[in-house]
Structures are given as structure tokens and as C-alpha cells.
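The numbers in this note's numbering rise by one with no breaks, and the one at position 255 of the sequence shown is 272.
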Amino acid sequence: MPRPKICATLEEAVADIPDGITLLIPGFGATGMPWNLLTALYYQGAKGITAVSNGIGTASADGQMKGLGDLVEAGRVKKVIASFTAATHPSRLSKPEQMVRDGTLVAELVPQGTLAERIRAGGAGIPAFYTPAGVGTLLSTGKEHRDFDGETYVLEEAIFADYALIRAWKADTAGNLVFRHAGRNYNPIAAMAARHVIVEVEEPIVEAGLLDPDQVHTPGIYVERLVSILPHGVLRVQRAEPAPAPAPTPTGEGKRRLTRHEMAAVIGQRIQPGWIANLGIGIPTFASNYVAPDDHVTFTSENGVIGYSRLAEPGQGDPDIVNAGGQQVTIVPGASFVHHADSFGLVRSRRLDVTVLGAYEAAADGSFANWRLSNAPWDNLGGIGGAMDLVARAKQIWLAMEHTTRDGQPRLLERCTLPVTSTRGVTLIVTDIAVISVQGGRFLLEEHAPGYTAAEIASLTGAPLDVSPSLREVSVTV
Numbered sequence: 018m019p020r021p022k023i024c025a026t027l028e029e030a031v032a033d034i035p036d037g038i039t040l041l042i043p044g045f046g047a048t049g050m051p052w053n054l055l056t057a058l059y060y061q062g063a064k065g066i067t068a069v070s071n072g073i074g075t076a077s078a079d080g081q082m083k084g085l086g087d088l089v090e091a092g093r094v095k096k097v098i099a100s101f102t103a104a105t106h107p108s109r110l111s112k113p114e115q116m117v118r119d120g121t122l123v124a125e126l127v128p129q130g131t132l133a134e135r136i137r138a139g140g141a142g143i144p145a146f147y148t149p150a151g152v153g154t155l156l157s158t159g160k161e162h163r164d165f166d167g168e169t170y171v172l173e174e175a176i177f178a179d180y181a182l183i184r185a186w187k188a189d190t191a192g193n194l195v196f197r198h199a200g201r202n203y204n205p206i207a208a209m210a211a212r213h214v215i216v217e218v219e220e221p222i223v224e225a226g227l228l229d230p231d232q233v234h235t236p237g238i239y240v241e242r243l244v245s246i247l248p249h250g251v252l253r254v255q256r257a258e259p260a261p262a263p264a265p266t267p268t269g270e271g272k273r274r275l276t277r278h279e280m281a282a283v284i285g286q287r288i289q290p291g292w293i294a295n296l297g298i299g300i301p302t303f304a305s306n307y308v309a310p311d312d313h314v315t316f317t318s319e320n321g322v323i324g325y326s327r328l329a330e331p332g333q334g335d336p337d338i339v340n341a342g343g344q345q346v347t348i349v350p351g352a353s354f355v356h357h358a359d360s361f362g363l364v365r366s367r368r369l370d371v372t373v374l375g376a377y378e379a380a381a382d383g384s385f386a387n388w389r390l391s392n393a394p395w396d397n398l399g400g401i402g403g404a405m406d407l408v409a410r411a412k413q414i415w416l417a418m419e420h421t422t423r424d425g426q427p428r429l430l431e432r433c434t435l436p437v438t439s440t441r442g443v444t445l446i447v448t449d450i451a452v453i454s455v456q457g458g459r460f461l462l463e464e465h466a467p468g469y470t471a472a473e474i475a476s477l478t479g480a481p482l483d484v485s486p487s488l489r490e491v492s493v494t495v
């Protein structure tokens with residue numbers, strides 16, 4: 018079997034990458050990202066790139082390190098295929114977003130699980146497949162649909178790239194790769210789905226035979242070049258430690274809105290023992306702090322962490338163990354790690370008891386919108402993440418969101434005004450002033466924030482609001 022070339026420097030590893038390639042860039046947030054190879058590619062100068070990655074990101078504030086956002090902002094990328102084409106702060110327009118609006122960058126927005134499966138299919142020689150993710154949404158418009166067993170699916174085509182830049186924990190001279198924890202994410206499937214695979218390795222590259230074959234995640238037949246990054250320094254981005262739970266903010270005599278952590282605690286109270294649960298970016302991620310270990314709830318994250326628990330204490334976390342929001346978390350006995358395609362296979366296989374997501378809008382018919390703030394057909398910006406995959410198959414869909422916009426307009430409506438993430442399925446909404454269930458196409462108020470009356474909450478809701486006969490005040494401890 019031919020052996021991969023072991024390069025002496027990062028510059029050597031990327032020296033002959035040409036212009037105009039399709040490039041796979043794995044990584045989830047900062048975890049498992051080939052920062053060193055991306056930095057070398059930035060200075061190498063290749064342009065006209067079609068980049069396939071989880072998200073665009075933004076330019077690095079660190080002058081030493083470069084990522085996809087730097088390549089985009091330098092005008093070296095002509096197209097991105099990603100599940101995040103907008104910043105996590107949608108009110109702040111990033112330079113890549115402005116480039117999309119100006120027409121200098123093409124963006125193809127893809128549900129995260131669909132993106133992972135398109136990459137996996139490319140590596141497996143499968144040209145296309147049907148998925149339930151995105152059916153009934155703007156993203157499925159114009160695509161082939163087909164019904165199987167009474168359910169509708171949309172056709173998606175595989176992705177096979179010219180090059181993939183990979184981040185591995187360990188490797189041997191035969192090219193066999195081992196990934197560490199959630200650093201696995203897209204890396205194994207990306208290594209299968211490219212003609213030329215270049216790998217940066219965190220640990221010293223060992224002789225063939227020194228890695229246990231049972232521990233190998235990617236066999237060396239896929240790998241063309243290896244470079245140890247130890248001599249060059251391991252470039253890694255670590256997310257800032259999460260802030261402690263803020264004190265409640267009074268809004269009047271005895272009246273106050275719930276904090277993000279209190280909203281998360283409400284969610285934690287309602288998650289049942291033994292459930293398998295997925296927590297989305299934002300407020301939902303804090304809910305793992307408010308579930309008792311004895312309840313044996315299995316929290317899963319899209320990036321392949323199965324069996325995590327509380328957020329890690331400051332300074333006690335591991336940058337390769339993160340949740341959907343990139344926050345470092347602890348794992349429970351019996352936890353496991355899988356790659357992205359396997360993670361979303363779990364999601365689509367109906368094994369999730371509940372998925373909890375953030376939202377911009379929610380409607381009384383059970384639909385909601387959380388990925389895009391524009392209805393303009395040319396404005397292909399958004400942050401789908403794994404939401405469309407999650408809602409297609411979870412047994413329950415819960416939302417955690419603010420009740421009103423900054424100018425006081427309702428976010429809970431009779432019908433969504435923004436492009437929907439799902440046309441149905443929401444059963445519970447936790448806002449900063451209320452806990453509301455969705456039943457029979459109507460909102461039902463079950464709990465209220467301190468000092469808020471049912472009438473006040475109804476006046477801030479853009480659809481009829483029924484009131485439970487057992488209405489009570491929210492009671493949680495954070």
C-alpha cells in the first residue's frame with residue numbers, strides 16, 4: 018500500500034494547491050478545525066475556491082492565525098456551501114454577509130445534517146439521497162420531492178471535493194488517523210470525500226503498526242500528505258468561558274422578566290428522566306445545568322457528543338468536548354463520540370425524545386422560524402445549523418425565546434412572517450415572561466414570570482392566548 022508523504026513544513030503541505038478548487042474544511046466552531054493548514058493556505062495564495070464548511074466564520078483577530086473567514090474576506094473564495102452563512106448575532110452584518118448581498122460571494126445554505134450526509138455520500142460513491150430535512154421550507158423549493166411510506170422527502174446531491182484539509186490527533190506513517198473527542202466532527206467523512214487529503218497532526222507521527230488498528234478512525238488509504246504541527250505550534254481557538262448566571266432584572270414593582278438561565282431551568286424541569294435530548298445554540302444549551310444526574314438524561318450534540326452534562330467550570334473544560342454552542346461541557350460515564358454523519362443519523366432515526374431550539378418567531382399552528390431574518394429571495398443568509406434535521410424527526414419540539422422584539426412587537430404569532438424552519442410540531446414555548454404550550458392550533462398559558470398577569474401576557478402575544486385553569490408563577494432556582 019502506498020504511504021502518504023510526510024511533509025517537513027505546513028508550507029510544503031499546501032504548496033501546489035491550485036486555484037479554482039473545491040475545498041472541504043471540517044471543524045465545528047473552533048473544534049477540529051485545521052487552523053494551521055488554513056493559515057498556510059492563506060499565505061500560499063490559492064484563489065477562486067469553492068469552500069465547503071459548517072460555517073463561514075469571520076476574519077481572525079489574531080494576526081498569526083487564519084481561517085475560512087480570512088480567505089473569504091480576502092476575496093479568495095468565490096462560493097461557500099455551509100449551514101451558517103450569517104453571523105450568530107444576526108443584527109450585526111459581517112463582511113462575508115455584506116459580500117453575499119453585494120454579489121461578490123455566492124452562498125449556498127444547507128441544513129447541517131444534510132451537509133454532513135452530502136459529504137458522506139460523496140465519499141461513499143452515492144450520487145444523491147432523499148432526506149426529510151427542510152421539507153416544506155424555502156430551502157426545498159425547486160428540488161425533487163418523493164413520498165416514502167406516506168412521508169415526503171427532498172432529493173439532495175452528494176459533494177465530492179478536490180481537496181480536504183484535515184485536523185487529526187494522532188497518525189502513523191501509513192496515514193491512519195485518530196481523532197480526539199468532538200474534534201472528530203466532519204473530519205472522517207471529509208477525508209473520504211476528496212481526491213487529495215492533507216492532514217495536520219497534533220501528536221508526533223508514529224511508525225506504521227504503533228497505532229492499534231481497532232482505534233483507527235480513518236484508514237490511511239484516503240490520506241495523501243501528513244504534517245506534524247508540533248514543531249510549528251498548535252494553533253487553536255478556544256471559546257471564552259461562559260459568564261455566570263446573571264441576577265434577575267426587575268421591570269417594575271414585583272415584576273421581572275426571566276433570565277436566560279431561569280428559562281433554561283424551566284426547560285430542565287420539564288425534561289423527563291431517561292430521555293434523549295438535544296439542546297440547540299443559545300438559551301437551550303444552559304438547560305443541561307438544570308437536570309439532575311440521577312435522571313440519566315442523555316444529552317446529544319450535533320457535533321457528535323453523546324452523553325454530556327453540565328457546562329464545564331471555568332478553567333476545567335476540554336476544548337475538544339463542546340456542545341452545540343461551542344461551550345465546553347462535562348461528559349457522563351458511558352459517553353461516546355461519533356462523526357457528524359452518524360450524529361445526524363441518530364437525529365433522523367426518531368430516537369430524540371425532545372429537541373430544544375431558539376427562535377425568532379413561533380406560531381399557533383406549531384410552526385416556527387429561527388434561521389433567517391429576511392424574506393428577500395436574493396438574500397441567501399442564515400444560520401440553519403442542525404435545526405431542520407432535528408425538527409424533522411424529534412418526538413417533541415420545544416422553543417426558548419424572547420416573547421417580544423426589542424421594540425415590543427410580539428414574536429408569538431398566528432402565522433410566522435419569516436421563512437419557517439418547520440411547518441409544524443412545536444409543543445412548548447418558554448419565553449422570558451411565560452411558559453406556553455401549543456395545543457390544537459392555539460397557545461395555552463401555563464406559567465407566568467413574577468408580576469405578570471395573563472392579560473399583560475396576552476397583550477404581548479400576537480395570537481389568541483388561552484389560560485390554563487392551573488396557571489401558576491414560574492418557580493425555579495438557578
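Even glycine gets a Cβ: it sits at the ideal position worked out from N, Cα and C. None of these values were measured; they are calculated from a predicted model.
Item	Value
Quick check on DSSP: helix, strand or coil for residue 174?	strand
Less than 7 Å between the beta carbons of residue 85 and residue 74, yes or no?	yes
Near residue 377, what residues of its chain come up, given a Cβ to Cβ distance below 7 Å and the 5 sequence neighbours on each side ignored?	386, 387, 390, 428 and 435
Using CA atoms only, rank isn't needed, just tell me which of 135, 441, 271 and 399 is closest to residue 470.	271
Taking residue 356 as the reference, give the member of 495, 129 and 410 with the closest Cα.	129
Could you tell me whether the Cβ atoms of residue 242 and residue 215 are closer together than 7 Å?	yes
Just how far apart, CA to CA, sit residue 450 and residue 413?	22 Å
Can you tell me whether DSSP reads residue 196 as helix, strand or coil?	coil
In chain order, which alpha helix (DSSP H) runs of at least 4 residues are fully inside the segment 295 to 368?	357 to 365
Report the rounded CA-to-CA distance for residue 31 versus residue 65, giving the unit in angstroms.	16 Å
Indicate the three-state DSSP secondary structure (helix, strand or coil) for residue 292 in the structure shown.	coil
Where DSSP assigns a beta bridge to residue 206, which residues make up the other side?	Paired residue(s): none; residue 206 is not in a bridge.
Here's the rule: buried if 16 or more other CB atoms are within 10 angstroms of the residue's CB, otherwise exposed. What is residue 476?	exposed
If I'm right that residue 162 touches residue 169 with Cβ under 8 Å, what's the distance once you round it to whole angstroms?	6 Å
In its own chain, which residues sit with a C-beta less than 6 Å from the C-beta of residue 478, not counting the 5 before and 5 after it?	427 and 429
So residue 112 is in the alpha helix (DSSP H); what residue range does that whole segment cover?	112 to 119
Taking the CB atoms as reference points, tell me whether residue 360 and residue 319 lie closer together than 7 Å.	yes
Drop a sphere of 10 angstroms on the beta-carbon of residue 465, count the other beta-carbons inside from all chains shown, and report buried for 16 or more, exposed for fewer.	buried
Under the three-state reduction of DSSP, which class applies to residue 136: helix, strand or coil?	helix
Any idea what DSSP makes of residue 476, helix, strand or coil?	helix
Within 10 angstroms of its Cβ, does residue 238 collect 16 or more other Cβ (buried), or is it exposed?	exposed
For residue 286, which beta-bridge partners are listed by DSSP?	None; residue 286 has no bridge partner.
For the beta strand (DSSP E) holding residue 17, just list the boundary residues, first then last.	There is simply no residue 17 to check, as the chain begins at 18 and stops at 495 in what is shown.
Quick one: what does DSSP say residue 90 is sitting in, helix, strand or coil?	helix
Do the CB positions of residue 249 and residue 196 come within less than 7 Å of each other?	no
Within a Cβ cutoff of 6 Å, which residues of the same chain sit near residue 288, ignoring the five residues on either side of it in sequence?	294, 308 and 314
Return the CA-CA distance between residue 33 and residue 102, expressed in angstroms with no decimal places.	28 Å
Per DSSP, residue 492 is paired with what?	Note: residue 492 sits in no beta bridge, so no partner.
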